[in-house]
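Written out below as structure tokens is the structure these notes cover.
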DNA sequence: CACAAGTTTTGGTCAGATCAAAGGATTTCC
DNA sequence: GGAAATCCTTTGATCTGACCAAAACTTGTG
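Right under this line is the structure:
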């Protein structure tokens, strides 16, 4: 039992993945599509909504939907609303943060074992940006994020940068609520330095341990904020 | 700029998370909802579709939507269609498989370091099921999956079992296409034994290495199948 | 050539109607 | 009495046609 909507979805999906509808191009108007597929606007509209939820088109209210090349970022973006549901509860936040810790410990190990020369250069550059921004809390957040980003790029697997985006976007609300101070920035800077040193020394165990200390401490800060906020 | 649909979505979300609409209960009929929210069926329908995409309700064609408690499985399920888009390309499959390898290497290490007595018992039980099913290929697939599942449960973080579901469901089509033979089953069984031994010996490095060999070999089998299929 | 005003297109929403499947309620039959 | 077949109401899926306000496009003007 197929719904008419499914037919339209399949048709549009085909036209997108065949490249007939190119990335960045606007979708035909709803009325044009109803002529093309011989369906009413209801089903066209429903199909477009479905494509939007699959990350194939980007919909803004009152604007023509825009075709997007499916990518890992799109997947994470689509996942956003569902994840936010889970972040309503403290346990949800903790689960997600601990997942992040798990991933980044492994990333630190991976970096120590396999980082190339250019990776290490990128890491050092990010570290210097940290140092330069240590007095400027908002800017430090940006460079902090960039430092971790480098680690997600080292495996050269496009899934990881997308996961990085996901973690940071989902957890940001809980992060900015935190009391960010220059003192904490210094702690984090020192932690980054330790991680960098361990990676430079090609010592996976030390890198993992340093990352673990860093993120467990960060989690402690976040949890404190929770406790205060009640 | 708010759309009427957003209002209905918010209203239903509230009624769900407040428990007024309990898990497993059926949503009111579309006609009832349009009376309640003073909106036309179009917006009600669009709102329900949106909730479905957020994993808050489960929709089957021609059936009344059913309320679901938001959970990590729901998130992964919602992500499914988008991920499947990416799996259309061989690079997509490889990225996802390598992500799995990355995660399970870390899980093996984690297990060796922190598995409790009951975890190890579960692992041994799963391993024995592997042994018993080694001649029965379809059954071996089931027990194979169960063995890996145990590893995802060891960190006691609800995100991981959901990720396990995701990996297996997404990759299953590429797995079943593979030439599964008793010979391959034996290879995998031996690999599982090696992983188990390393975890039992509390040797993270050996556990990670064993897992790595296991999954790289598996990836080799999958890739061969690709090459044959063209 | 840029910018403002006017016109057409188009997404968001509504109202009302049809149809076939789902879900009960009812009756039939062992 | 309980399982199975049958009837009837509800309800999801789809269609038609319409209206409005915001976008997108066109045109006139400085």
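Chains as they are written, first to last, in full-length UniProt numbering: chain A, 1 to 230; chain B, 1 to 230.
Glycine included, each C-beta is placed from N, C-alpha and C at the ideal position.
Are the C-beta of residue i and some C-beta of chain B separated by less than 8 Å?
i	result
residue 72/A	yes
residue 142/A	no
residue 95/A	yes
residue 46/A	yes
residue 151/A	no
residue 232/A	Limits of chain A in this structure are 1 at one end and 230 at the other, which puts residue 232/A out of reach.
residue 161/A	no
residue 49/A	yes
residue 169/A	no
residue 86/A	yes
residue 147/A	no
residue 157/A	yes
residue 79/A	yes
residue 17/A	yes
residue 226/A	no
residue 82/A	yes
residue 8/A	no
residue 75/A	yes
Could you confirm whether any beta carbon from chain A is found closer than 8 Å to the beta carbon of residue i?
i	result
residue 99/B	yes
residue 3/B	yes
residue 106/B	yes
residue 222/B	no
residue 206/B	no
residue 22/B	no
residue 187/B	no
Thinking C-alpha only, which one of the options is nearest residue i?
i	options	result
residue 157/B	218/A, 91/A, 200/A, 117/A	91/A
residue 56/B	178/A, 89/A, 82/A, 216/A	82/A
residue 198/A	16/A, 53/A, 113/A, 148/A	113/A
residue 133/A	186/A, 35/A, 216/A, 12/A	186/A
residue 96/A	174/A, 142/A, 195/A, 129/A	174/A
residue 60/B	6/A, 35/A, 15/A	6/A
residue 4/A	22/A, 23/A, 41/A	41/A
residue 222/A	181/A, 193/A, 202/A	181/A
residue 109/B	205/B, 39/B, 177/B, 70/B	205/B
residue 74/B	86/A, 54/A, 128/A	86/A
residue 183/B	218/B, 126/B, 32/B, 53/B	218/B
residue 22/B	10/B, 8/B, 228/B, 69/B	69/B
residue 93/B	72/A, 89/A, 80/A	72/A
residue 79/B	167/B, 177/B, 102/B, 227/B	167/B
residue 195/B	178/B, 226/B, 150/B	150/B
residue 215/B	107/B, 122/B, 52/B	107/B
residue 224/A	179/A, 145/A, 170/A, 17/A	179/A
residue 16/B	58/B, 34/B, 35/B	58/B
residue 84/A	32/A, 201/A, 172/A, 119/A	172/A
residue 201/A	120/A, 226/A, 103/A	120/A
residue 170/A	76/A, 50/A, 143/A, 140/A	76/A
residue 54/B	39/B, 147/B, 9/B	9/B
residue 124/A	192/A, 37/A, 142/A	192/A
residue 220/A	32/A, 11/A, 101/A, 31/A	101/A
residue 226/A	177/A, 188/A, 189/A	177/A
Based on the DSSP secondary-structure assignment, which residues constitute the bridge partners of residue i?
i	result
residue 86/A	BP columns for residue 86/A are empty, so no partner.
residue 26/A	66/A
residue 57/B	67/B
### Message
For the pair the segment 61 to 69 of chain B and the segment 20 to 30 of chain B, tell me if three or more CB-CB distances fall below 8 Å.
### Response
yes
### Query
Which residues, in chain order, does the segment 52 to 69 of chain A contribute to contact with chain B at a C-beta distance below 8 Å?
53, 54, 55, 56, 61, 62
### Message
Quick check: the segment 197 to 211 of chain B against the segment 157 to 169 of chain B, are at least 3 beta-carbon pairs closer than 8 Å?
### Response
no
#### Entry: the segment 39 to 47 of chain A / the segment 133 to 142 of chain A touching (three or more Cβ pairs under 8 Å)
no
### Task
Report the residues of the segment 28 to 47 of chain A with a CB closer than 8 Å to any CB of chain B, ordered along the chain.
42, 45, 46
### Task
Evaluate contact between the segment 148 to 157 of chain B and the segment 114 to 133 of chain B, counting only Cβ atoms and requiring at least three cross-stretch pairs below 8 Å.
yes
### Task
Select from the segment 190 to 203 of chain A all residues with a C-beta closer than 7 Å to any C-beta belonging to chain B, and list them in chain order.
none
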